[in-house]
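Undergrad: With the numbering used here, the residue at position 44 of the sequence shown is 118, and numbering never jumps. All C-beta atoms, glycine included, are put in the ideal place defined by N, C-alpha and C.
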Amino acid sequence: MDNRSLCRFLRLQVMLMLFAFPGLKVSAGEIGPSKDPDVIGRWDITITKGGKSLPSWLEVQKSGTHTLIGRFVYAFGSARPISEVKPDNGKYSFSIPPQWEEGTRNMDFQFEVSGDKLTGTMVYTDGASYELTGVRAPLLVRTKSPVWGAPVKLFNGKNVKGWHTDGKNQWIAEGGILRSPHSGANLITDKTFTDFKLHIEFRYPQGSNSGVYLRGRYELQVIDTKSGDPEPINNQFSSIYGFLPPNKMMAKNPGDWQSYDVTLVGRMVTIVANGKTVICDQIIPGITGGAINSQEGEPGPILIQGDHGPIDYRNIIITPAK
Numbered sequence: 075m076d077n078r079s080l081c082r083f084l085r086l087q088v089m090l091m092l093f094a095f096p097g098l099k100v101s102a103g104e105i106g107p108s109k110d111p112d113v114i115g116r117w118d119i120t121i122t123k124g125g126k127s128l129p130s131w132l133e134v135q136k137s138g139t140h141t142l143i144g145r146f147v148y149a150f151g152s153a154r155p156i157s158e159v160k161p162d163n164g165k166y167s168f169s170i171p172p173q174w175e176e177g178t179r180n181m182d183f184q185f186e187v188s189g190d191k192l193t194g195t196m197v198y199t200d201g202a203s204y205e206l207t208g209v210r211a212p213l214l215v216r217t218k219s220p221v222w223g224a225p226v227k228l229f230n231g232k233n234v235k236g237w238h239t240d241g242k243n244q245w246i247a248e249g250g251i252l253r254s255p256h257s258g259a260n261l262i263t264d265k266t267f268t269d270f271k272l273h274i275e276f277r278y279p280q281g282s283n284s285g286v287y288l289r290g291r292y293e294l295q296v297i298d299t300k301s302g303d304p305e306p307i308n309n310q311f312s313s314i315y316g317f318l319p320p321n322k323m324m325a326k327n328p329g330d331w332q333s334y335d336v337t338l339v340g341r342m343v344t345i346v347a348n349g350k351t352v353i354c355d356q357i358i359p360g361i362t363g364g365a366i367n368s369q370e371g372e373p374g375p376i377l378i379q380g381d382h383g384p385i386d387y388r389n390i391i392i393t394p395a396k
């Protein structure tokens, strides 16, 4: 059959289908895959609760041909799966069980999307309803390799100059060590940063827990994985909390000095734990629980978690990109 005959044959088949199924519409615009709904993607969320703005994060993606699933990060805790995001006349909803929240009631969400903005409500585990807003998360793709500036000591070994806390300060400087002797406030640099390399050393007693927040939004987990309480792999030593697990466990014993060397460029992160690369050029999807805010496109500080037990730090050196 030549090309002309093939075209006549195909036109005839289409005409027969239209006669057999009169409700069927065939047009050039309907050929090919349909457009994904605008809700698909990653969203930086802010929840207004009790007069406070709580940073959160949402990801929605397709599972198969029509079902929507996702992940959600609340103001604290780790990323948790959403089994189904349900569409209903232009609105969407999902429900997730409590993680670290008080109570046993699910958290229920309903929202709608308009372009790059999201608005809706959250019903919390206590049954109260709160407003939420969101914007599409930035890609943070860098088109050029960074040019590094001069290294800067963030801790001078003598005091906490250049830092502030988010509550009553319990941090002290002793013999070149930055020490939180008991649970208390988080410690935050006065300066903010975009892309950088960071070297930091730490020591924890048995069972203790801390974290280093990159740009104040992405927690690099500091925890006694060897002898502490069991944790999911995404929450263990040297993970990006709830998102990126290490490819090898390099944790030392409690009481030993340990180190992280971090390179963060856009969303791309590399973690060297105690001399071994355990995360290599991986994308951080979104903010982790405990983030200072959900404004991922802005520079942010280095935040050291001080509310999970005693912890010591030293030799904190940052090399910002120019």
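Three-state secondary structure (DSSP) at Ile114?
TA: It is coil, neither helix nor strand.
Undergrad: Report buried or exposed for Pro304, applying the criterion of at least 16 other Cβ atoms within 10 angstroms of its Cβ.
TA: So Pro304 counts as exposed.
Undergrad: Assuming Thr344 and Ile353 are in contact, meaning their beta carbons sit under 8 Å apart, how far apart are those beta carbons, in whole angstroms?
TA: That belief holds up - the Cβ atoms of Thr344 and Ile353 are roughly 6 Å apart, short of 8 Å.
Undergrad: Counting only runs of 3+ residues fully inside the region 122-192, write out the beta strand (DSSP E) ranges in chain order.
TA: Correct list: 126-137, 141-147, 154-162, 165-170, 181-188.
Undergrad: Over the uninterrupted beta strand (DSSP E) stretch that includes Gln356, give me the two end residues.
TA: 350-357 is the span of the beta strand (DSSP E), which, as asked, contains Gln356.
Undergrad: Tell me the rounded alpha-carbon separation between Ile262 and Tyr387.
TA: Each residue's alpha carbon lies about 13 Å from the other.
Undergrad: Is DSSP giving Ile307 helix, strand or coil here?
TA: Helix at Ile307.
Undergrad: Take Ser188 as the anchor and find which of Trp117, Thr199, Gly250 has the nearest alpha-carbon.
TA: That would be Trp117, whose Cα lies nearest to the Cα of Ser188.
Undergrad: From Ile376 to Glu293, what distance separates their C-alpha atoms?
TA: Going by the C-alpha atoms only, they are around 10 Å apart.
Undergrad: Measuring alpha carbon to alpha carbon, tell me which residue in Pro319, Tyr166, Ala202, Glu186 is nearest Gln356.
TA: Answer by Cα proximity: Pro319.
Undergrad: Would you mind listing the beta strand (DSSP E) stretches within the region 211-243 that are 3+ residues and don't spill past its ends, in chain order?
TA: The qualifying runs are 237-239.
Undergrad: With Gln332 as the anchor, note down where its beta strand (DSSP E) starts and where it stops.
TA: That run of the beta strand (DSSP E) goes 332-339.
Undergrad: Let's see if you can read the secondary structure: which residues bound the beta strand (DSSP E) around Asn283?
TA: Counting along the chain, the beta strand (DSSP E) containing Asn283 begins and ends at 283-288.
Undergrad: On a Cα-Cα basis, can you pick out the residue from Leu272, Lys265, Arg277, Ile170 that is closest to Arg253?
TA: The candidate whose alpha carbon is nearest that of Arg253 is Arg277.
Undergrad: Is the Cβ-Cβ distance between Leu272 and Thr217 less than 9 Å?
TA: It is not a contact, given that the beta carbons lie outside the stated cut-off.
Undergrad: Expressed to the nearest angstrom, what Euclidean distance is found between the alpha-carbon atoms of Met399 and Phe229?
TA: As shown, the chain starts at 75 and ends at 396. That puts residue 399 outside it, with no answer to give.
Undergrad: Taking DSSP's pairing of strands, which residues face Ser203 in a bridge?
TA: Per DSSP, Val197.
Undergrad: Out of His238, Asp240, Val234, Thr239, point me to the one whose CA is closest to Ile246's CA.
TA: It is Val234.
Undergrad: Among all the DSSP beta bridges, which residues are the ones paired with Arg253?
TA: In DSSP, Arg253 forms a bridge with Ile246, Asp386.
Undergrad: With DSSP run on the structure shown, which of helix, strand or coil describes Gln379?
TA: Looking at Gln379 - three-state DSSP - the assignment turns out to be coil, as it is neither helix nor strand.
Undergrad: In three-state DSSP terms, what is Gly374?
TA: Reduced to three states, the DSSP call for Gly374 is strand.
Undergrad: Mark Thr122 as exposed unless 16 or more other C-beta atoms lie within 10 angstroms of its C-beta, in which case mark it buried.
TA: That one is exposed.
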